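A.B. asks: Just so you know, the sequence shown maps onto residues 1 to 86 in UniProt numbering.
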Amino acid sequence: MKLLLIIIMFAGILSVTVGYVNQLKKCPPPKIEYRYIPRTFEQEQDNPVKVSELYNTMFTQPTPWIKGITESKSKNTDPNRYYITQ
């Protein structure tokens, strides 16, 4: 009976000690999270995005696709380029 009480008392002291040590540990600083704040209707009306900035590449680049393929077509026409034989 005395052995059981000593074991329970030892477990309690150990639990209190572990809890106290965990409380004293320093927490890492919180991670800064940046969020996008959308523009309000008034801001959109007062300072609109220029259409010429949005669609400029459509009319000035050789291809209307965003970052389109600029390589020569002769490189891509080889049908056996990725063919693997055993």
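For each residue, glycine too, the CB sits at the ideal point set by N, CA and C.
From a predicted model like this one, the values you see are computed outputs, not experimental measurements.
Locate the alpha helix (DSSP H) running through N22, then write down its first and last residues.
C.D. replies: Start at 1 with the first residue of the sequence shown, and residue 22 comes out as number 22. Its alpha helix (DSSP H) spans residues 2-24.
A.B. asks: In whole angstroms, give me the CA-to-CA distance for N22 and I37.
C.D. replies: One-based indexing of the sequence shown puts residue 22 at position 22. One-based indexing of the sequence shown puts residue 37 at position 37. Distance between the alpha carbons of N22 and I37 is about 38 Å.
A.B. asks: Alpha carbon to alpha carbon, what distance is there between R39 and P28?
C.D. replies: By 1-based counting over the sequence shown, the position of residue 28 is 28. By 1-based counting over the sequence shown, the position of residue 39 is 39. So the alpha carbons of these two residues sit roughly 33 Å apart.
A.B. asks: Along the chain, where does the alpha helix (DSSP H) containing N56 start, and where does it finish?
C.D. replies: By one-based count along the sequence shown, residue 56 stands at place 56. Segment 56-60, the alpha helix (DSSP H) holding N56.
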